[in-house]
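Asks: The letter at position 265 of the sequence shown is residue 673 when you use this note's numbering, and the numbering goes up by one with no holes. Right, I'll just put the structure down here and ask away after.
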Amino acid sequence: MPTKKQNKTKEVIEKIFGSGETVYGLKGFDGIDVYTSLEITEDEPNRFYIKDLSGGKNRFVWDDKKQHGKPEEIVRQLWIYKLIKQYGYPITRIHIEHSVQFGREIHDKAVDIVVNKKDNVTPYILIEVKSPTESKGIEQLKSYLNAEGSEIGLWSNGAKRVILYRPYPKEFDDTLPDLPQANQTIDDLFETKRTYFEYTSTKENLKDVVDSMEELVLANAGVDVFTEVFKLIYAKMYDEHEAKLSRSEHEVHFRKYRDPSKTYAVINDLFKSAIKKWPGTFYEQENINLSQEHLSIVVGELERTRLFGSDLSIIDEAFEYLIPEVAKGKKGQYFTPRHVINMAVRMLNPKPKEYIIDPAAGSGGFLISAMYSVKDRHLNGSEESMREYAKEYIWGIDFAEEISKVSRALMLIAGDGRSHLFKLNSLDPREWQGDESQLSISRGELQKRLHNMGSTADNTENRKTFHCMDFDVLLTNPPFAGEIKDQGMLRQYFFGKKKGKLVNKIERHILFIERTLDMLRPGGRMAIVLPQGVLNNTNMEYVREYLFDKARILAVVGLHGNTFKPHTGTKTSVIFLQKWWGEAGEPQADYPIFMAVSKKAGKDNSGDYMYKKDASGKAVHDAKFRKVLDHDLDNIADGFIKFAKEQKLNF
């Protein structure tokens, strides 16, 4: 039973961080029972103080009347607790609010925590703590390290940490994966072997890790940040795969070594091995282009995370952050928000033996969501069954080099190393021809999903044109921007002609409507994101007539105008279709359609995500410690599922 003091500590911490947010805001202290490790008391009416573990003094943390406090003090005391209990430093060597001496002058600025060397005079580790809402301060810590001549600095906001290493007498030029134990030297820390199972699946925001890497070195390293970070992630995935399945004691090699040249040699070798194991993403002759010194710094940041088994939304967000603007914007291709994806997947409910494709796959969001939906709903949550399912039934196509790399990487992380993911132009199957090896592989695989046209001549023609395919479920958000003017491409489409003559040009997404319907088997179903004008504009009536002729309109969901901000404010809808088929599925003149309009986008007018809050105004978190978006698409999906049952829809 918790004591009264422990209950009071819990009550105050939840007031500061919010109910459900305690673990989120202090997730850097996983494994520590926060409520029993700290002691908070009400020393004055409505004012709460925490016992300083380094000296016994009570320090202010919360004013109940004014509803404000000092969350950074909680972070500081938890680091003192870790230093004592986990790293073994005696209290006598731990000091707080140590004044910093710049040259001959002592400034008012003070380091939050200082751990002295065994002489208890020389500063060894400097720790700067922040509130969980703060993300800056690394440069300030560097200045403290240089001023004090200390070797190690740690910056932490409770949820995230960065450990800097300053090999004396050099200026700061390195990072560490962890603090040394009290009985360890820094050399010991470098030489200690690490295993795959030491690193738990990352709960922290990988985007923040990448952001730290950029702040530390990447922004000034003279390299393509996306490409180099992607190479490191690729190498780390390979290392984790081998450590888990093949190596004795599950030892990981992706780590920082004492000598930067060894760090580079090991990581680059892992990268080259990854290329051989998972070909098609990088060329065999490619190497990591970071210098030995720069690589040594960023590896220290990345090595603590574990990719396999992690929440893919965390990794996906990091990739979206990295994708260059040219890949996102100029071709009208944007990452679809994951709550939109999850709504579409729930409404179509893919089954274990259904072939799924996204012909504008992007980062693979629709495919990954579908894969996990099948696992949770139909495969009893089995990861192994999901991997076997994905190898056969998950397919994706995208023409953008950077984004197609992301989808392949995410599918690897999900545990499926042999997915049918191809870098091709979905709208122009002429480009699918040729003798180049990768094209031959893609063509051969895609021919397995061709529709049986009923005659040898028609099947022969279909094998050349890939006109009619046999996928069960299609989910996609095609690029909106740009017009197709290529007469050879337009000749392949019904929409490429008007009154028997080729049109001069047509919007890209109009061709995608026709192409996606041709990819479905009779009775197959799809969800496609389209500009709202397709449904509303009078000059788009011919498109609507085509849709009614080819498929049953299952549902139309109007998305909020903020959904795709900050990339675009275009009003969009998700249209759900089932291709007409068989005796029971011939085109019908009249039938009910589920219609809904989203009133909560989960984003504000600037495109920043908005999260649900509890009664005290703090963000709410789910069981996986993720903030809960404030949107209504789950409710819309629930409404459609009820509608589908009432209408006895055939899927």
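The C-beta atom is built at its ideal place from N, Cα and C for all residues, glycine as well. All values reported here derive from a predicted model rather than from experimental measurement.
1. Report the partner residues of residue 884 according to the DSSP bridge assignment.
2. Can you tell me which of 468, 465 and 587 puts its alpha carbon nearest to the alpha carbon of residue 523?
3. Based on DSSP bridge pairs, tell me the residues matched to residue 531.
4. For residue 567, count neighbouring Cβ atoms within 10 angstroms of its own Cβ and tell me buried if that reaches 16, exposed if not.
5. What are the boundary residues of the alpha helix (DSSP H) that includes residue 489?
6. From residue 636 to residue 574, what does the alpha carbon distance come to, in whole angstroms?
7. Taking contact to mean at least 3 C-beta pairs separated by less than 8 Å, is the stretch 794-813 in contact with the stretch 667-686?
8. Could you give the first and the last residue of the continuous beta strand (DSSP E) run that contains residue 461?
9. Across the stretch 940-950 and the stretch 890-902, are there enough close Cβ pairs to call them in contact, namely three or more that are closer than 8 Å?
10. Considering residue 958, what are the terminal residues of the alpha helix (DSSP H) in which it resides?
11. Rounded to the nearest angstrom, what separates residue 559 and residue 485 at their Cα positions?
12. Within the continuous alpha helix (DSSP H) that includes residue 747, where are the two ends?
13. For residue 571, write down the residues that DSSP places opposite it in a beta bridge.
14. Look at the alpha carbon of residue 1024 and the alpha carbon of residue 472, and state the distance between them as a whole number of angstroms.
15. Can you give me the start and stop residues for the alpha helix (DSSP H) that residue 598 sits inside?
16. According to DSSP, is residue 466 part of a helix, a strand, or is it coil?
17. Return the chain-ordered ranges of every alpha helix (DSSP H) run that is complete within the stretch 633-669 and spans a minimum of 4 residues.
18. In terms of residue numbering, what span does the alpha helix (DSSP H) encompassing residue 1051 cover?
19. Give a yes or no on whether the C-beta atoms belonging to residue 835 and residue 805 are separated by under 7 Å.
20. Nearest CA to the CA of residue 925: which residue from 860, 855, 492 and 767?
21. Are the stretch 657-666 and the stretch 615-632 touching by the rule of at least three beta carbon pairs closer than 8 Å?
22. Does the Cβ-Cβ distance between residue 634 and residue 730 come in under 7 Å?
23. Using DSSP bridges, identify the partner residues of residue 983.
24. Who are the near neighbours of residue 705 in its chain, counting only those whose CB is closer than 7 Å to its CB and skipping five residues on each side?
25. For residue 908, which residues from the same chain have a beta carbon less than 8 Å from its beta carbon, with the 5 sequence-adjacent residues on both sides left out?
26. Can you tell me whether DSSP reads residue 764 as helix, strand or coil?
27. So residue 930 and residue 873 are in contact, right, with Cβ under 8 Å, and what is the actual spacing, rounded?
28. So, helix, strand or coil for residue 782, using DSSP?
29. Out of curiosity, what's the CA-to-CA distance linking residue 668 and residue 703?
30. Do you know offhand how far residue 440's Cα is from residue 491's?
31. Nearest CA to the CA of residue 871: which residue from 882, 840, 589 and 890?
32. Just how far apart, CA to CA, sit residue 748 and residue 1041?
33. Based on the DSSP secondary-structure assignment, which residues constitute the bridge partners of residue 455?
34. Starting from the C-beta of residue 468, find all residues in its chain whose C-beta is less than 6 Å away, skip the five residues before and the five after it, and write them out in chain order.
35. Could you check what DSSP says for residue 803 in three-state terms: helix, strand or coil?
36. DSSP three-state label for residue 975, please.
Replies: The structure says:
1. 936
2. 587
3. 524
4. buried
5. 479-493
6. 24 Å
7. no
8. Note, residue 461: premise wrong, no beta strand (DSSP E); not H, not E.
9. no
10. 949-958
11. 22 Å
12. 746-756
13. 562
14. 12 Å
15. 594-599
16. strand
17. 633-653
18. 1041-1055
19. no
20. 767
21. no
22. yes
23. 936 and 964
24. 582, 583, 624 and 625
25. none
26. strand
27. No, residue 930 and residue 873 are not in contact; Cβ-Cβ is about 18 Å, not under 8 Å.
28. helix
29. 8 Å
30. 12 Å
31. 840
32. 7 Å
33. 452 and 471
34. 457
35. strand
36. coil
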